[in-house]
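Below is one structure, written out as structure tokens; the observations come after it.
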Amino acid sequence: MSKFQRRRASAAGVVAAATLSLIGFAASPAAASARGCTGNAGMTDGSGSVCLDVKGTKLKIDRFTISKKSNNRAWKDKPVIVAGSWSWTGPMQDARRTQTVEVSKTINRSFPNNTKMCGYWSKFPGKKACITIHN
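With our numbering, you'll find the sequence shown wraps up at 311, consecutive numbering, no jumps.
Set out below in structure tokens:
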């Protein structure tokens, strides 16, 4: 192999190593988020639209936010979150008509792969906004 060919092969090796390094960096765990929504703010029964936003990395949930909006009436209700056998019920919330209420909680908790996390408001347990926690 000539001196020129060795330099060229060496340069190609450096480029390949740098590329693999970048690929490895891009594949490392990063902050993840998920959002699930259900319902309709215009529902006449007051159930409204419900959304669950989750922030975390892989199987660890750092924080969640549950929200509700009802365009048809003022409401009072408690938010509920369920993930496997874990659950949380928040304090009573009071909202005017067309107001969106958001309740956030930091939990820093890990869950088993494929755990379903759902959020709903206690007076309307059938209106669940859900996400799946997965690796």
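The C-beta atom is built at its ideal place from N, Cα and C for all residues, glycine as well.
Check: Going by C-alpha distance, which of K231, S225, L235 and W264 is nearest K245?
Finding: By 1-based counting over the sequence shown, the position of residue 245 is 69. When each option's Cα is compared against that of K245, the closest is S225.
Check: Name the DSSP beta bridge partners of S298, please?
Finding: In the sequence shown, the residue the question calls residue 298 occupies position 122. Looking at the DSSP output, S298 shares a beta bridge with no other residue.
Margin query: Does K254 come out as helix, strand or coil in the three-state DSSP assignment?
Written below: The residue you call residue 254 lines up with position 78 of the sequence shown. DSSP places K254 in coil when its eight states are reduced to three.
Check: Going by beta carbon distance, what residues of the same chain come within less than 6 Å of V258, once the five residues before and after it are set aside?
Finding: Taking the first residue of the sequence shown as 1, we reach residue 258 at position 82. So the list reads C294, once near-sequence residues are dropped.
Note to self: Going by C-alpha to C-alpha distance, which of K292, M219 and A210 sits closest to F300?
What the structure shows: Translated into positions along the sequence shown, residue 300 becomes position 124. Comparing Cα-Cα distances from F300 to each of K292, M219 and A210, the minimum goes to M219.
Next item on the list: Could you pull out every residue in the same chain whose Cβ sits closer than 7 Å to the Cβ of G260, ignoring the five residues on either side in sequence?
Entry: Working through the sequence shown from its first residue, we reach residue 260 at position 84. Within the same chain, F287, P288 and T291 come within 7 Å of G260 by CB-CB distance, once the 5 residues on both sides are set aside.
Notebook entry, point to check: From D253 to G222, what distance separates their C-alpha atoms?
Noted result: Position 77 of the sequence shown holds residue 253. Position 46 of the sequence shown holds residue 222. Within the model, the alpha-carbon separation for D253 versus G222 is close to 11 Å.
Next item on the list: Can you give me the Cβ contacts of T308 inside the same chain, cut-off strictly under 8 Å, excluding the 5 residues immediately before and after it?
Entry: For this step, residue 308 is matched to residue 132 along the sequence shown. So the qualifying residues of the chain are A210, N290, T291, K292 and M293.
Margin query: For T274 and W251, what's the separation of their Cα atoms in angstroms?
Written below: For the purposes of this step, residue 274 is taken as the residue at position 98 of the sequence shown. For the purposes of this step, residue 251 is taken as the residue at position 75 of the sequence shown. Our two residues, T274 and W251, have alpha carbons roughly 10 Å apart in a direct line.
Check: Are there 16 or more other CB atoms within 10 angstroms of the CB of D270, so buried, or fewer, so exposed?
Finding: Within the sequence shown, the letter at position 94 stands for residue 270. Result: exposed.
Item checked: Residues that F240 bridges to, as DSSP identifies them -> Start at 1 with the first residue of the sequence shown, and residue 240 comes out as number 64. The partner list for F240 (beta bridge, DSSP) reads V230 and K281.
Check: With DSSP run on the structure shown, which of helix, strand or coil describes F287?
Finding: Sequence index remark: in the sequence shown, residue 287 carries index 111 (1-based). Secondary structure of F287 (DSSP, three-state): coil.
Margin query: Using 8 Å for Cβ pairs, my map puts F240 next to K281. What's the rounded Cβ distance?
Written below: Stepping through the sequence shown from its first residue, residue 240 is reached at position 64. Stepping through the sequence shown from its first residue, residue 281 is reached at position 105. Indeed, because the Cβ distance is near 6 Å, the residues count as touching under 8 Å.
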